[in-house]
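So the sequence shown is numbered by our numbering: it starts at 99 and just counts up by one.
For glycine and all other residues, C-beta sits at the position ideal for the given N, C-alpha and C.
This one's a predicted model, so the numbers in the text were calculated from it and none came from an experiment.
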Amino acid sequence: MKNRAHALAILLAIAGVLIACNLPMASKKATATPTPKIKVSPIRLTIIPIVTTTPTPPRAKPTNTAKPNTPTATKAATSTPAPTLTPTRPPTPTKRPTPAWKKIVFARGAISWSGAVPPNGGFVFFALGGQSAEILVTTHDGKPANAALALSGADGSVYQTYNIGRPDWRGMLPKSQNYYIAIAAPNGTSGLKLTLTIYPPMRQREEESNSQLGFVVDYDAKTAKKELPGYFENEIFGVRLTDNALYKNTNLQEAFFVISRENLRSRNACLNTRPDAGEVDDRGVWRVNAIDYRYYHTEEGAAGHFYKSELFRTYVRNTCLTVRLFTHETDIGNYASGTVKAYNRKRVLAELKRIFFTLRWP
99 MKNRAHALAI LLAIAGVLIA CNLPMASKKA TATPTPKIKV SPIRLTIIPI VTTTPTPPRA
159 KPTNTAKPNT PTATKAATST PAPTLTPTRP PTPTKRPTPA WKKIVFARGA ISWSGAVPPN
219 GGFVFFALGG QSAEILVTTH DGKPANAALA LSGADGSVYQ TYNIGRPDWR GMLPKSQNYY
279 IAIAAPNGTS GLKLTLTIYP PMRQREEESN SQLGFVVDYD AKTAKKELPG YFENEIFGVR
339 LTDNALYKNT NLQEAFFVIS RENLRSRNAC LNTRPDAGEV DDRGVWRVNA IDYRYYHTEE
399 GAAGHFYKSE LFRTYVRNTC LTVRLFTHET DIGNYASGTV KAYNRKRVLA ELKRIFFTLR
459 WP
């Protein structure tokens, strides 16, 4: 009995221990229920930093990309200069049609130079800005050559191309620089001659512009004086040569450069109506500053006075115009022997052409 009672007491003690052990286990189970809340809170914490950090990269990227771009741009410009040089070199030979150039050097005091055209047809010369020039390619007997002349400047400006098909050029050279002449001929350049005339620069340049017709022309106030229209029929503009060296002890009485308007209403009538003036010689077509002119030479005379004109007619902006290089001379036979000499017509015409070759239509 004692043993049974003792065993029962032991069993009750064990049961009490087990009950006591079960109580904390139940409490652990009860307290474990908020575990999902603990799990949720870390999820929220991880979401918050993602939201706050995502706008930051876009702000950082512009500053990061701008900084590396500036050094790469400067490195490209400073370390590789070749690309900037190569585009400027190729246009140079395209503006100059031949690979070699014969340099034209004038004799002291001369305004003209002549020489044989080399096989490659290339010449180079220097002129001051504003100088008038005349370039002619002829046969050795002085006739216009069967050739085409191209003219360009060192700055790349082109003043005449081969496709114009002319063996000459006349006009004003606008800049102080080298100019390049290239000549092409279907039968080669053998037997051809180039003549270049560069007229002296104007010491006191005066510019005359006509807003109605749109032309501009220059003259040297040291050697010419503007005249009021009216001396010539339908005159628009005129200057008289006043350089005493042209007149002194000669039979030259007057010399004028004149622009007149003609009452001819069409291009065909303008260019194909001969002047009504004494003897008329049709001398073909001149091209001055890219404008074509029909060229006539006329002469009239009476009572020991002779009037000669180089007439250049063109049709520009629906208007027929005539440029006149005019001289009035007297019969040298009417003077006592040795008192008067014949005037230098070539020199007088050079002064008048120096004005004419500045006539342009901007």
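**Request:** Counting only runs of 3+ residues fully inside the stretch 368-411, write out the beta strand (DSSP E) ranges in chain order.
**Result:** Counting whole runs of 3 or more residues, the stretch 368-411 contains the beta strand (DSSP E) stretches 377-386 and 389-400.
**Prompt:** What is the DSSP secondary structure of Y345, reduced to helix, strand or coil?
**Reply:** DSSP places Y345 in helix when its eight states are reduced to three.
**Prompt:** Between which two residues does the beta strand (DSSP E) containing E333 stretch?
**Reply:** That run of the beta strand (DSSP E) goes E333 to L339.
**Message:** On the criterion of 16 or more Cβ atoms from any shown chain inside 10 Å, does G227 qualify as buried, or is it exposed?
**Reply:** By the neighbour-count criterion, in which a residue is buried when 16 or more other Cβ atoms sit within 10 angstroms of its Cβ, G227 is exposed.
**Asked** Three-state secondary structure (DSSP) at Y260?
**Response** Three-state DSSP puts Y260 in a helix.
**Request:** To the nearest angstrom, report how far apart N349 and K439 are at their CA atoms.
**Result:** Roughly 7 angstroms between the two C-alpha positions.
**Item:** Exposure of D318, with buried meaning 16 or more beta-carbon neighbours within 10 Å
**Value:** Taking all protein chains in view, the Cβ of D318 is crowded by 16 or more other Cβ atoms within 10 Å, so the residue is classified as buried.
**Integer-rounded CB distance, given that K324 should sit under 8 angstroms from V337** = Confirmed, Cβ separation roughly 5 angstroms.
**Request:** Report the option in R268, A282 and G254 whose CA atom is closest to the CA atom of N276.
**Result:** Closest option to N276, judged by alpha-carbon separation, among R268, A282 and G254: G254.
**Message:** Can you confirm whether the stretch 411-421 touches the stretch 340-347 when touching is taken to mean that 3 or more C-beta pairs between the two stretches lie within less than 8 angstroms?
**Reply:** Output reads no: the stretch 411-421 does not touch the stretch 340-347.
**Asked** Using the rule of at least 16 other Cβ atoms within 10 Å of the residue's Cβ for burial, across every protein chain shown, is V203 buried or exposed?
**Response** Burial call: exposed.
**Request:** Provide the residue(s) that pair with R422 in DSSP beta bridges, ordered along the chain.
**Result:** Answer is V356 and L409, bridged to R422.
**Asked** Closest by CA to Q302, which one among A214, Q229 and G399?
**Response** The candidate whose alpha carbon is nearest that of Q302 is Q229.
**Prompt:** Can you find at least 3 beta carbon pairs, one from the stretch 229-246 and one from the stretch 292-309, that sit closer than 8 angstroms?
**Reply:** Using a Cβ-Cβ distance cut-off of 8 angstroms, the stretch 229-246 and the stretch 292-309 are in contact, since at least three pairs of beta carbons, one from each stretch, lie closer than that value.
**Request:** Can you grab the Cα-Cα spacing for the pair A388 / G402, in whole Å?
**Result:** Near 39 angstroms, if we compare the C-alpha coordinates of G402 and A388.
**Prompt:** In whole angstroms, what separates the C-alpha of P189 from that of G328?
**Reply:** The predicted model places P189 with a pLDDT of 31, which falls under 50 and marks its position as unreliable; any figure quoted below should be read in that light. Taking the straight line joining both Cα atoms gives about 50 angstroms.
**Asked** Counting along the chain, where does the beta strand (DSSP E) carrying V315 start and finish?
**Response** DSSP places V315 in the uninterrupted beta strand (DSSP E) bounded by F313 to D318.
**Prompt:** Near K201, what residues of its chain come up, given a Cβ to Cβ distance below 6 angstroms and the 5 sequence neighbours on each side ignored?
**Reply:** Taken in chain order, the residues that qualify are V222.
**Request:** Please determine, among N361, I279 and T340, the residue with the shortest C-alpha to C-alpha distance to A225.
**Result:** Looking at the Cα atoms, I279 is the closest of the given residues.
**Prompt:** Less than 8 angstroms separating the beta-carbons of P460 and L409?
**Reply:** Remark: C-beta atoms of P460 and L409 do not approach each other more closely than 8 angstroms.
**Message:** Quick check: the Cα distance between W267 and S435, rounded to an integer number of angstroms?
**Reply:** Taking the straight line from one Cα to the other gives about 42 angstroms.
**Request:** Classify L457 as buried or exposed, calling it buried when 16 or more other Cβ atoms lie within 10 Å of its own Cβ.
**Result:** Its Cβ being crowded by 16 or more others within 10 Å, L457 is buried.
**Request:** Starting from I296, trace the beta strand (DSSP E) both ways and give me its first and last residue.
**Result:** Per DSSP, I296 belongs to the beta strand (DSSP E) from L290 to I296.
**Prompt:** Helix, strand or coil: which one does DSSP assign to L450?
**Reply:** Residue state for L450 is assigned as helix, using DSSP reduced to three classes.
**Buried/exposed call for E305, threshold 16 Cβ in 10 Å** = That one is exposed.
**Prompt:** For V383, which residues of its own chain have a beta-carbon under 8 angstroms away from its beta-carbon, when the five flanking residues on both sides are left out?
**Reply:** D390, Y391, R392 and Y393, listed in sequence order.
**Message:** Please classify T178 as buried or exposed, where buried requires at least 16 neighbouring CB atoms within 10 angstroms.
**Reply:** Model confidence at T178 stands at a pLDDT of 37, short of 50, so the residue's coordinates are unreliable; what they give is reported in the following sentence. Taking a 10 Å sphere around the C-beta of T178, we find fewer than 16 other C-beta atoms and assign the residue as exposed.
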